[in-house]
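Asks: Take the sequence shown: its letter number 45 is residue 35 in our numbering, and every next letter is one higher.
Quick one: the structure is below, and I'll ask about it shortly.
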Amino acid sequence: RELGMPQKLLFPLLISESQPICGKEHFDASLKKVVEMGFDPKTLRFIQALRVVQRFSNKSIEEKVDVYKKLGFSVNDVWGMFKKWPVSLAHSEKKISQTFETLKKCGLHEDEILSAFKKFPQCISYSEQTIENSIGTLLGLGFSRDELTMMFKRYPQCIGLSAESMKKKTEFLVK
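Pasting the structure below:
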């Protein structure tokens, strides 16, 4: 509360799906770290960052940063994605690599995937099936691979839309 955190954000923190808040020293250290990272305590992103920092050791976080580095991201890229979407450091190496490989398998180039992840890191969480269904739907609607790539670059979220949602959003383009 001293940081100005609204009560509506305090309750989800206390009733977290991750580890319960325990150990004042660990909590205070995590809180200090997240504040120093520049997160606004009045936002949900602050809570997400706090959960990640509290849940994972420094070593685990460094290992996750290394996973992203192996895929071609710089350390600054990784922390930039974390600032946009703290959950990006909560995924397993397998999940991160699997999403990256699925997009490559769908015909996207590494630089396009890197750019999209930096722009919209939430797409890291999409399942292989969701990505393949979205791309299949777009191709089924008559979009070319080049158009698909252009859409993904500008609007990375499109690979997470359901077939029904995708059809509704592109209906006016297809007619």
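Idealized CB from N, CA, C, for every residue including glycine.
Considering just the uninterrupted stretch of the alpha helix (DSSP H) at residue 93, what are its terminal residues?
Replies: 83 to 95
Asks: Tell me whether residue 13 sits in a helix, a strand or coil according to DSSP, three-state version.
Replies: coil
Asks: If we count Cβ pairs, one from each stretch, closer than 8 Å, do we get three or more for the region 51 to 58 versus the region 11 to 24?
Replies: no
Asks: Take residue 146 as the anchor and find which of 120, 128, 107, 136 has the nearest alpha-carbon.
Replies: 107
Asks: Ordered along the chain, which non-local residues of its own chain (more than five positions away) have a Cβ less than 7 Å from that of residue 109?
Replies: Cβ-Cβ distances below 7 Å link residue 109 to 146 in the same chain, with the five nearest sequence neighbours on each side left out; the list follows chain order.
Asks: By the 10 Å Cβ neighbour count, where 16 or more other Cβ atoms means buried, how is residue 119 classified, buried or exposed?
Replies: If you draw a 10 Å sphere on the C-beta of residue 119, you find fewer than 16 other C-beta atoms in it, and that means exposed.
Asks: Less than 8 Å between the CB atoms is what I'm expecting for residue 61 and residue 90, so what's the real figure, rounded?
Replies: 5 Å
Asks: Could you compute how far the alpha carbon of residue 112 sits from the alpha carbon of residue 78?
Replies: In a straight line, the C-alpha of residue 112 is about 7 Å away from that of residue 78.
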